[in-house]
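Per the working numbering, the very first residue in the sequence shown carries number 15; after that it's consecutive.
Read through the structure below, which is laid out as structure tokens, and then see the notes.
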Amino acid sequence: MVFKSVYDAFHQLWEAKWCMLGYKPKDHQVTLVILLNADIRNSHKLYQLDRFRRIRNDASYEGYRISIEEAAEIIRLWKEVSRDIIRWIKD
């Protein structure tokens, strides 16, 4: 549950940026592109989000059980980059 909540928070942030640019994104994988190209500190760490997207999908649709380690990873990423992402969205 924690993993999905943090992933959804990331998703809402990058979707907000698309909306601010006048687009209505329909696919997580496509919307992720804007975040991967963002000019933010530690942006190289954002490439983990595609793996997290697949984990979330497997958990939501295939019954995959998310590990404590995977939840800790996404929380750690949130703590490392979320403030910079929010600043980037506001710019």
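From the three backbone atoms N, C-alpha and C, an ideal C-beta is built for every residue, glycine too.
Note that the structure is a prediction, hence the values are computed from the model and not measured.
Contacts around residue i, its chain only, beta-carbon distance under 6 Å, and the 5 residues preceding and following it disregarded
i: L60; result: L49, L50
Other residues of its chain near residue i: CB distance less than 8 Å, five sequence neighbours each side excluded
i: L27; result: L49, S96, I99, I100, I103
Distance between residue j and residue i (C-alpha atoms, nearest Å)
i: Y78; j: K31; result: 30 Å
i: I82; j: F17; result: 9 Å
i: E87; j: G36; result: 32 Å
i: E76; j: R55; result: 34 Å
i: C33; j: P39; result: 8 Å
i: H58; j: L91; result: 11 Å
Cut-off 7 Å between Cβ atoms - residues of its own chain near residue i, not counting five sequence neighbours on either side
i: E11; result: The question about residue 11 has no answer here: the residues shown for the chain are numbered 15 through 105.
i: V47; result: none
i: I80; result: F17, I69, A73
**Request:** Mind the definition here: the region 21-35 touches the region 63-73 only if three or more C-beta pairs lie below 8 Å; say whether that holds.
**Result:** yes
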